[in-house]
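Take a look at the structure below.
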Amino acid sequence: MLTTLLSAGLCGIDGFLVTVECDAQERLGEFEIVGLPDAAVKEAKDRVRTASYNSGYRFPSLSLTVNLAPANRKKEGSGFDVAILAGILRCAGIIDRRCDLSRICLVGELSLSGSIRPVRGALSMCVAARDAGLTQIFVPAENAREAAAVAGMTVYPLTDIQALVAHLNGQTPILPVSVAPTDFNDASLEAALDFADVRGQTMAKRALEIAAAGGHNVLLIGPPGTGKSMLAKRLPTILPPLTFDEAIETTKIHSVAGTLPEGKSLLAARPFRAPHHTMSAVSLVGGGANPMPGEVSLAHNGVLFLDELPEFPKTVTDTLRQPLEDRRVTITRAAARVTFPCSFMLVGAMNPCRCGYFGHPTKPCTCSPTDVKRYISRISGPLLDRIDIEVELPSLSYEELATREPGAESSRTVRERVMRARAFAAARMRGEKNIFCNAQLDGAAIRKYCVIDEGARTLLQGAYDRMGLSARGYDRVMRVARTIADLDESETIGAAHIAEAIQLRSLDKKYWN
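Residue numbers (this note's numbering): 21 to 533.
Here it is as structure tokens:
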């Protein structure tokens, strides 16, 4: 007897449907799984057999062949266990043979006791099932809220194989899971972090506001204790809230990577990733024998913060060049070629020298000029070219630390200005398919959208000659000036906007000549 039902697998962060064909024949008992399974899928034979016995079901003494189609696509992981056992139990008559399993999707790993364990990527699998025209999916109970975020799907939580059999036989129905819309509300402003907590550093706060409004990459330079990390951690609280589509895409990545917080059905706040400088290039951009997303993809639609940037090996930071440019990373292995999205804001923080006190007004620097130059040069030119804003944070005086700023702006207030600026820019760029913020403006878009008045033109020409700007440096100044004008809701870029944008690029001359 042949039973056909559906499960789902993963390729990168995307799910795909897998047709599970279970054939049982009256001959010497054998059990084979075909269809390009990996080692974990092949081991399903032992899990399925033992889970069936321990759940009270006699495993059929038949010759069993399970085919996972399409056969030319590698199947990985243990998420096919439930579908395989359900197909076998239907062939054996334990699941009513009148039950049509061809229009439902079954996902889950079996324990030897018959209970069902969670799997990675349930959200991606549910999206694939919906896109294939299915309306019902059975997933492990721990993954049910995650899968329920997909509109148009009825999600049934599975605790053990006995509950599934009882449901399919019409004995004890499993109640579907639903998720309240309030679970998707943005939680970033309810966090303990707030811009109002940062003392002083008015220029750095302004720089991060401009960066948030335009999606620009930022480099913060200053001695220890000036608030570089404190400011970076608060950047997500002034970014616009995630749209529902962004939340789905971000959650898919974290679900596949296994980093989705327990009890979270959908990521509502923008990610903030701060990896240590001892990380490898594979950890940063993704990879492995079975390619998995790296930190750049886990920061998708959020912020990637690299503290102590010069301490990262240059071979690691240079791998950021292509992801920053293309906003996606493609990993090719013998088994598969996968693409992960990685549209993120890069925030780097660094001391001006190894001891941290180069140029400090009161503390002496113990580094020689050669040491300072060697330390600064750890940041490559191509990476620096992809950073639009550089800002120096001075040491704070006792009065600045001890006295709370009167009228210090909260993250909510700053975010409102950022959202207005983004809405102003979006109205201007309506119809552009691949440009969502000013940081993505290329040369043609700069000529189209960055209209400057005569005063701004004169100022920019003088700065171009005086600072020795390259063509790429010119584009960076124009992109930042466009964002500053958007914060003022001005279609024309004026001299004041150009002057502020130039000021946010002046550290090139001081530190990198």
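We put the beta carbon where it would ideally sit given N, CA and C, even for glycine.
* To do: Drop a sphere of 10 angstroms on the beta-carbon of Q17, count the other beta-carbons inside from all chains shown, and report buried for 16 or more, exposed for fewer.
  => Since the first and last residues shown for the chain are 21 and 533, residue 17 lies out of range.
* Under the three-state DSSP convention, the category S27 falls into -> strand
* Asked: For the beta strand (DSSP E) that G368 lies in, which residues bound it at each end?
  -> M365 to M370
* Asked: Using CA coordinates, which residue listed in A267, Y377 and E436 is at the minimum distance from S388?
  -> Y377
* Between A89 and V38, which are expected to be in contact by the criterion C-beta below 8 Å, what is the C-beta distance as a whole number of angstroms? -> 7 Å
* First and last residue of the alpha helix (DSSP H) that includes D151? -> A142 to D151
* DSSP three-state assignment for Y531, whether helix, strand or coil -> helix
* Asked: Do L84 and F51 have their CB atoms nearer than 8 Å?
  -> yes
* **Span of the alpha helix (DSSP H) around N237** => Note, N237: premise wrong, no alpha helix (DSSP H); not H, not E.
* Take the Cβ of N454 as the centre, count every other Cβ of all protein chains shown within 10 Å, and call the residue buried at 16 or more, exposed below. => exposed
* Nearest-angstrom Cα separation, counted from S133 out to Q182 -> 11 Å
* Span of the beta strand (DSSP E) holding V38? -> D34 to Q45
* Asked: Is F100 helix, strand or coil by DSSP?
  -> coil
* Asked: I think L409 touches L524, with their Cβ atoms under 8 Å apart; what is that distance to the nearest whole Å?
  -> It is Ile, not Leu, that sits at residue 409 in the sequence shown. Indeed they touch by this definition, with Cβ atoms about 5 Å apart.
* Taking S98 as the reference, which of S27, E509, L287 and L213 has the closest Cα? -> S27
* To do: Take every Cβ of the stretch 97 to 116, pair it with every Cβ of the stretch 53 to 70, and state whether three or more of those distances are shorter than 8 Å.
  => yes
* Asked: Cα-Cα, which of A309, G322 and V336 is closest to M299?
  -> V336
* Could you name each continuous beta strand (DSSP E) segment of 3 residues or more that falls completely within the stretch 213 to 283, going from the start of the chain to the end? => 238 to 241
* Using only alpha-carbon positions, find the residue among N74, K94 and S526 that is nearest to K62. => K94
* **CA nearest to the CA of L527, picked from M487, T359, R254 and K334** => M487
* Rounded to a whole number of angstroms, what is the C-alpha to C-alpha distance between L239 and F364? -> 14 Å
* Report yes if the CB atom of I258 is closer than 8 Å to the CB atom of L188, and no otherwise. => no
* Return helix, strand or coil for M173, following the three-state DSSP convention. => coil
* Straight-line gap, G493 to R467 (C-alpha atoms, nearest Å) -> 15 Å
* Can you have a look at E474 and say buried or exposed, based on whether 16 or more other CB atoms are within 10 angstroms of its CB? => exposed
* Can you tell me which of E269, P414 and P402 puts its alpha carbon nearest to the alpha carbon of N321? => E269
* Quick one: what does DSSP say E509 is sitting in, helix, strand or coil? -> coil
* Output the distance between the C-alpha atoms of G245 and I124, rounded to the nearest integer angstrom. => 57 Å
* Just the Cα atoms here: how many angstroms apart are V358 and G379? -> 46 Å
* If you compare alpha carbons, which of A64, S122 and I108 is closest to R78? -> I108
* Out of curiosity, what's the CA-to-CA distance linking A252 and G234? -> 16 Å
* To do: In the DSSP assignment, find the unbroken alpha helix (DSSP H) run with R442 in it and report its ends.
  => S431 to R448
* Put P361 into one of helix, strand or coil per three-state DSSP. => strand
* To do: Taking only the alpha-carbon atoms, compute the straight-line gap between L366 and A301 and give it to the nearest angstrom.
  => 16 Å
* T271 beta carbon less than 8 Å from that of L255 -> no
* To do: Check F332 in the structure and name its three-state DSSP category.
  => coil
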